[in-house]
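Order-wise, the sequence lines are chains A and B.
Note that the numbering used here has the first sequence beginning at 16, numbered continuously upward.
Note that the numbering used here has the second sequence beginning at 48, numbered continuously upward.
One structure is given below, encoded as structure tokens.
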Amino acid sequence: MSAAVEFIEVARSFGSVKALAGVSFAVEEGEFFGLLGPNGAGKTTLISIAAGLTRADSGTARILGHDVTSDYRAARRSLGVVPQELVFDPFFTVRETLRIQSGYFGLRDNDDWIDEILHHLDLTSKADANMRSLSGGMKRRVLVGQALVHKPPVIVLDEPTAGVDVELRQSLWGFIRKLNRDGHTIILTTHYLEEAEALCGRIAMLKAGSVVALDTKHNLLSRFAGITVRLAADRVPAAWRGRVLREEGGLHFVALDHYADLESLLREMRVEGLAIRELALLEADLEDVFLKIMGGEMENAGKTAGRAGRAEARA
Amino acid sequence: MIRVAGAGWPTLLYKELLRFWKVSFQTIAAPVLTALLYLLIFSHVLEANVTVFGGAVGYTAFLVPGLVMMSVLQNAFANSSSSMIQSKLTGNLIFILLPPLSPGDLFVAYVLGAMVRGLAVGLGVFVVTLFFVPSLLAMPHPLWALSFALLGSAILGTFGLLAGMWAEKFDQLAVFQNFIIVPFTFLSGVFYSIHSLPPFWQAASRWNPFFYMIDGFRYGFFGLSDVPPLLSLAVVAGCCAALSALTLTLLRRGWKLRN
Chain A
16 MSAAVEFIEV ARSFGSVKAL AGVSFAVEEG EFFGLLGPNG AGKTTLISIA AGLTRADSGT
76 ARILGHDVTS DYRAARRSLG VVPQELVFDP FFTVRETLRI QSGYFGLRDN DDWIDEILHH
136 LDLTSKADAN MRSLSGGMKR RVLVGQALVH KPPVIVLDEP TAGVDVELRQ SLWGFIRKLN
196 RDGHTIILTT HYLEEAEALC GRIAMLKAGS VVALDTKHNL LSRFAGITVR LAADRVPAAW
256 RGRVLREEGG LHFVALDHYA DLESLLREMR VEGLAIRELA LLEADLEDVF LKIMGGEMEN
316 AGKTAGRAGR AEARA
Chain B
48 MIRVAGAGWP TLLYKELLRF WKVSFQTIAA PVLTALLYLL IFSHVLEANV TVFGGAVGYT
108 AFLVPGLVMM SVLQNAFANS SSSMIQSKLT GNLIFILLPP LSPGDLFVAY VLGAMVRGLA
168 VGLGVFVVTL FFVPSLLAMP HPLWALSFAL LGSAILGTFG LLAGMWAEKF DQLAVFQNFI
228 IVPFTFLSGV FYSIHSLPPF WQAASRWNPF FYMIDGFRYG FFGLSDVPPL LSLAVVAGCC
288 AALSALTLTL LRRGWKLRN
């Protein structure tokens, strides 16, 4: 069986800038896959190559086994892309826009599915409104609808929730989750790490045109971030002193590699006769992993972006 | 999961038609009015002073096919070029780059859309001018006229597509429109027979493809022309084939569209 999306040594330069330096990975059918990375990491270039909007200098990209250049018709029929830019055709209404997009895929009489899309994206009341009159969030929903008119088995969302209010974001993710449950493969790029954490099963991280991490979310979280125990006790056992991350007024933050380490920590506490007044396990989030992998100068910029994202998610 | 799908280009053509139809006052009525003004002013000033085809045809009658063809050509160019550059600048070109439309599909839809707009304006001009010169309805070779109208609009539609692909801003498109399309149509014998020109300009006119489009088109109306209609047809068909081949090649390469 072919992978939903497969990249083999895909490279692309723009002038002297290497946007992609030989990227290889595959997304299996039915996955909810996250593509993360800072601005300029090459995420959009990679997606553009998969969609046939940009050509690779070398390497191969396939959608469900169809090469995106030599077998582009089948590849594009299998793929739905929600672009990052908020674009629209000011000449048409929402329904006209979706009908025309269906027609480009050779689909006539697609109104039943279009009605369903309008319903799920909460656009039914706007069906006959001109695209110009819609708010940014509404236009974004139409873009999602346009990507779905041909029921593509593989759906790529390039930063789909940028500038979209929280309520819509929730309903949008509800719909995308449903599509994933129905068997659609979803690939998501986002700046909001919380979204990737909440939705994606597997994640690739891009940095300066290369894949720097590719694993399940679970593995990434445990491998790169580990688990932190917050202990309220007089002190920690001598053998664990080196694992203490920080101490604050009788609270000791101790790093664990695995949950299994907790047992040996507790055992040694008992052996040394230390009473535990309080204990909490703090799980790392994807932001920690992201910052650790991106490292260095990225750290500050990334942290700020992450916090801003969080604040907005709560707002 | 995916239903059996038909061709996508008819929808792109439909979109192209809808695009200009929704603003038809600007895209059809305005150019018809412009052509009518040319007719009123030039015929009023020149009817008594200019002799064409040795006096066999009145100047106003002579002028009409020229104005009709000029309108066809200019509007065919305007349609494909402005549609393409608008899509590029607003970014909604992505809607036709993502679906499985082939380079041939894009070509056919844009050029046919431009032809329909050009021919619609041309027909409008013709119908309005019939009030002034009703005798034109009895044209001796309508099929010749139709062939030149079809080929001329196809050439300018293709040229407009090419210009729209090439241009990165409206400014650059205006260069095409003002420095190529308008001078070449004005200097092609819309308003005069090239036999009235000095020898140098007569010779120069023969290097202007627009001259053959208009001269051949006019032959359909009067059975008279400056050069043999078959020569005009050969030149015009050759231009159409060459320009189409170039445009299709560039579309296949994704020139300026799929970077």
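C-beta atoms are modelled at their ideal positions from N, C-alpha and C, and glycine is treated no differently.
Just so it is clear, the structure is predicted and the values come from calculations on it, not from any experiment.
With contacts defined by Cβ atoms closer than 8 Å, A:G67 and B:G55 do not form a contacting pair. Within the segment 134-149 of chain B, the residues whose Cβ lies closer than 7 Å to some Cβ of chain A are T137, G138, N139, I141, F142, I143, L144, L145, P146, P147, L148, listed in chain order. The CB of B:T58 comes closer than 7 Å to the CB of I115, G118, Y119 in chain A, given here in chain order. Residues of chain A whose Cβ lies closer than 9 Å to the Cβ of B:Y61 are, in chain order, I115, G118. For B:N255, none of the residues of chain A pass the 8 Å Cβ criterion, the least Cβ distance being about 35 Å. Residue environment analysis places A:P168 among the buried positions, since at least 16 neighbouring C-beta atoms fall within 10 angstroms of its C-beta. If you check each beta-carbon in the segment 78-110 of chain A against every beta-carbon of chain B, the ones closer than 7 Å belong to Y87, R88, R91, R92, V96, P98, E100, V102, F103, D104, F106.
Residue contact check for B:A54 against chain A: a CB pair falls below 8 Å.
Per the C-alpha coordinates, the member of A:Y87, A:N234, A:V259 positioned closest to A:A270 is A:V259. A distance below 8 Å separates the beta carbons of B:L120 and B:F257. In the displayed model, B:N225 falls within a helix according to three-state DSSP. Contacts with chain B (Cβ-Cβ distance below 8 Å) from the segment 51-71 of chain A involve A66, G67, L68, T69, R70, listed in chain order. For B:G199, the enclosing alpha helix (DSSP H) stretches over residues 189-213.
In terms of beta-carbon proximity, A:R217 stays away from the interface with chain B, with every pair separated by 8 Å or more. Scanning its chain for C-beta atoms nearer than 8 Å, with the 5 sequence neighbours on each side dropped, one finds around B:D152 the residues A54, G55, W56, L59, in chain order. Counting only runs of 3 or more residues that sit fully inside the segment 254-307 of chain A, the beta strand (DSSP E) segments are 259-263, 266-271, 293-298, in chain order. Secondary structure note for B:T74: it is in no alpha helix (DSSP H), with a DSSP letter that is neither H nor E.
The Cβ of A:R196 sits no closer than 8 Å to any Cβ of chain B. Put simply, the backbone Cα of B:R265 is about 39 Å away from that of A:F107. For B:A54, no beta strand (DSSP E) encloses it, and the DSSP letter there is neither H nor E. Taking the C-beta atoms as reference points, B:T205 is found no nearer than 8 Å to B:S134. The beta carbon of A:R123 sits closer than 8 Å to some beta carbon of chain B. When the Cα atoms are used, A:L61 and A:V97 turn out to be separated by approximately 14 Å. Against chain A, a Cβ distance below 7 Å from B:K69 picks out F106.
The Cβ atoms of A:R110 and A:I129 lie closer than 8 Å to each other.
Think of a sphere of 9 Å around the beta carbon of B:L65: the chain A residues whose beta carbon falls inside it are F106, F107, E111, I115, in chain order. In the structure shown, the three-state DSSP call for B:M186 is coil. Residues of chain A whose Cβ lies closer than 8 Å to the Cβ of B:R164 do not exist; the shortest such Cβ separation is about 14 Å. DSSP, reduced to helix, strand and coil, places A:N195 within a helical segment of the structure shown.
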